[in-house]
C-alpha cells in the first residue's frame with residue numbers, strides 16, 4: 001500500500017495474511033520493488049500468492065521466482081480482494 005507521507009524514510013506498507021491461521025505480517029519498506037516482496041517471504045514458500053495488479057507483483061523477476069518454486073499466482077480484482 002502506498003505511497004504514504006514519508007515518515008523516517010518509509011512510505012509504503014507490505015502486508016501478508018495467512019488464509020488458514022489469519023496470521024498477519026507487515027513491514028514498512030522504503031521502496032516498493034520486487035526485491036522487497038521476495039525478501040518478505042521468510043516463513044518458507046507459499047502454495048499461492050494472491051496480489052493486486054501492481055508492477056511489484058506482476059513482473060519478470062516475480063514470475064520467475066514463483067515458477068521456480070511452483071507457487072500459483074492469483075490476481076485479485078481491483079478494490080475487491
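Residue numbers (full-length UniProt numbering): 1 to 81.
Ideal Cβ placement from N, Cα and C applies to all residues, glycine included.
> Which whole runs of the alpha helix (DSSP H) in the UniProt domain "Integrase catalytic" (1 to 81) are 4 residues long or more, in chain order?
Replying inline: 34 to 40 and 60 to 69
>> Can you check which of these residues, 51, 57, 4 and 42, is closest to residue 30 by C-alpha distance?
In response: Against the chain shown, residue 30 aligns to sequence position 30. Nearest C-alpha to residue 30: 4.
> With residue 34 and residue 61 assumed to form a contact (beta carbons below 8 Å), what rounded beta-carbon distance in angstroms separates them?
Replying inline: Within the chain shown, the letter at position 34 stands for residue 34. Within the chain shown, the letter at position 61 stands for residue 61. At roughly 4 Å, the Cβ-Cβ gap stays under 8 Å, so residue 34 and residue 61 are in contact.
> To the nearest angstrom, how far is it from the Cα of residue 14 to the Cα of residue 70?
Replying inline: Locating residue 14 in the chain shown gives position 14, where the first residue counts as 1. Locating residue 70 in the chain shown gives position 70, where the first residue counts as 1. The alpha-carbon atoms of residue 14 and residue 70 are separated by roughly 22 Å.
>> Check this for me: beta carbons of residue 49 and residue 78, under 9 Å apart or not?
In response: Numbered from 1 along the chain shown, position 49 holds the residue referred to as residue 49. Numbered from 1 along the chain shown, position 78 holds the residue referred to as residue 78. No, the pair does not count as a contact, with Cβ atoms beyond the cut-off.
> Using a Cβ-Cβ cut-off of 7 Å (strictly less than) and excluding sequence neighbours within five positions of residue 65, which residues of its own chain qualify?
Replying inline: By one-based count along the chain shown, residue 65 stands at place 65. Counting only Cβ-Cβ distances below 7 Å, and skipping sequence neighbours, we find 38.
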